[in-house]
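Q:
Numbering (this note's numbering), first residue to last: 663 to 982.
Next up, the structure:
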């Protein structure tokens, strides 16, 4: 992963924090964090493996689920490896270029995941409000194009963030977390950060803000369509197909927006509870998303059970 080696600033490194005040318990804290990371990694890799292996699952909804799994893996991996070095070995230093690079990937993946959630909302809207045209509107090729557009948008929007900060002189002061966030890094700058601050707000409003509005509008139209269905059973069946996506959306947007506003308006040091919540914000969605989608999606659940049954049968045969 290449660094942004563009900054002439001093100091040449930032100091990342674990959990202030709980340094003596970092080893113990790393155990549940590591378990969550590995669980999320295994869950999302399983989803990718099952969908990739079963040609019958090569459909728009499952391709979107694979995109969500990839963003979850990238998000947790982008910060967890460095966090574990802090928890295990107390290695807190990170170069300015490395910090800006990590910041770029974390924010870029967030914008990409937001785009995936919007596309999934549109998928549910078409499936419920216009089911007869679903196969013609949402093809695999169109989903791939929407994914590419989401990735390009994320890269183009986030790229100016590290470039603007790379020209700033920084002071020596610990960051709030064991990873680099734009508002947190911006507080370390000694010069005027007004352009960076306004650009960060622009990104929040033009991407995450706009995406959340589009998701809400999609569900308003979905609920209107569902209300027109006379049978209660059919209403519940239609809404049941949206439960997984609603859970994934709430898991993503609620803590993200809260954390963004907290950094923008909180000037003093963050309390331990909020720092812990910020870690869980990055670790819980990768763990819960594959679980929720596996439970709520019969096709994936059946394929996973089939794989385990085949594995058990093969082991019994090898034993004999």
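Where a beta carbon is used, it is the ideal one built from N, C-alpha and C, also for glycine.
If you draw a straight line from the C-alpha of residue 763 to the C-alpha of residue 910, how long is it?
A: 26 Å
Q: Rounding to the nearest angstrom, what Cα-Cα distance links residue 744 and residue 851 in this structure?
A: So the two alpha carbons sit approximately 22 Å from each other.
Q: Between the Cα of residue 682 and the Cα atoms of 938, 884, 809, 948, which residue gives the shortest distance?
A: 938
Q: Go ahead and pull the three-state DSSP assignment for residue 882.
A: helix
Q: Have a look at residue 823 and residue 912 and give me their C-alpha separation to the nearest angstrom.
A: 26 Å
Q: Could you tell me if residue 677 is buried or exposed, where buried requires 16 or more neighbouring beta carbons within 10 angstroms of its beta carbon?
A: exposed
Q: Quickly, what does DSSP pair residue 851 with across the bridge? List them, please.
A: 832
Q: If you scan the segment 718-786 from start to end, which runs of the alpha helix (DSSP H) of 4 or more residues do you find wholly inside it?
A: For the segment 718-786, the continuous alpha helix (DSSP H) assignments of 4+ residues that do not extend past its boundaries occur at 722-751, in sequence order.
Q: So with Cβ pairs under 9 Å, would you call residue 721 a contact of chain B?
A: Protein chains in the displayed structure number just one, and chain B is not present.
Q: Excluding the 5 residues flanking residue 790 on each side, which residues of the same chain have their C-beta closer than 6 Å to its C-beta?
A: Hits under 6 Å: 884, 887, 900.
Q: How would you write the range of the beta strand (DSSP E) that residue 675 sits in, first residue to last?
A: 675-677
Q: Rounding to the nearest angstrom, what Cα-Cα distance links residue 967 and residue 717 in this structure?
A: 17 Å
Q: Please state the DSSP three-state secondary structure of residue 668.
A: With a pLDDT of 43 at residue 668, under the threshold of 50, the modelled position of that residue is not reliable, and the figure given next carries that caveat. Coil, per DSSP.
Q: Helix, strand or coil for residue 915? Go by DSSP, reduced to three states.
A: helix
Q: Let's test the definition: count the other Cβ atoms within 10 Å of the Cβ of residue 775 and tell me whether it reaches 16, buried, or not, exposed.
A: Classified as buried, residue 775 has 16 or more neighbouring CB atoms from the shown chains inside 10 Å of its CB.
Q: For residue 771, which of 819, 826, 894, 955 has the nearest alpha-carbon?
A: 819
Q: Who are the near neighbours of residue 732 in its chain, counting only those whose CB is closer than 7 Å to its CB and skipping five residues on each side?
A: none
Q: Excluding five sequence neighbours on each side, which residues of the same chain lie with their C-beta closer than 6 Å to the C-beta of residue 855?
A: Excluding sequence positions up to five before and after residue 855, its CB lies within less than 6 Å of the CB of 848, all in the same chain and listed in chain order.
Q: Can you tell me whether residue 914 is buried or exposed, with buried defined as 16 or more other CB within 10 angstroms of its CB?
A: buried
Q: Near residue 702, which residues of its chain fall below 6 Å by C-beta distance, leaving aside the five closest residues on each side in sequence?
A: 738, 948, 949
Q: Hey, how far is the Cα of residue 845 from the Cα of residue 894?
A: 47 Å
Q: Count Cβ pairs between the segment 782-798 and the segment 744-758 that sit closer than 8 Å; are there 3 or more?
A: Result no; under three Cβ-Cβ pairs closer than 8 Å.
Q: Start and end of the alpha helix (DSSP H) containing residue 795?
A: Note, residue 795: premise wrong, no alpha helix (DSSP H); not H, not E.
Q: Can you tell me whether residue 751 is buried or exposed, with buried defined as 16 or more other CB within 10 angstroms of its CB?
A: exposed
Q: What do you reckon, are the CB atoms on residue 965 and residue 768 nearer than 9 Å?
A: no
Q: Roughly how many angstroms lie between the CA atoms of residue 680 and residue 801, to the nearest whole one?
A: 45 Å
Q: Report the CB separation of residue 698 from residue 945 in whole angstroms; it is logged as a contact under 8 Å.
A: 4 Å
Q: Between the alpha carbons of residue 786 and residue 903, how many angstroms are there, rounded?
A: 8 Å
Q: Is it the case that the Cβ atoms of residue 958 and residue 905 are separated by a distance below 9 Å?
A: yes
Q: Report the three-state DSSP secondary structure of residue 903 (helix, strand or coil).
A: coil
Q: Could you tell me how far apart the beta carbons of residue 815 and residue 853 are, in whole angstroms, since I believe they sit closer than 8 Å?
A: Actually they are not in contact, since the Cβ atoms of residue 815 and residue 853 sit about 29 Å apart, beyond 8 Å.
Q: What residues in its chain sit with their C-beta under 7 Å from that of residue 869, if we drop five residues either side in the sequence?
A: Excluding the 5 residues flanking it on each side, residue 869 has same chain C-beta neighbours closer than 7 Å at 773, 776, 819, in chain order.
Q: Applying the 10 Å Cβ sphere with the 16-neighbour rule, what's the burial state of residue 826?
A: buried
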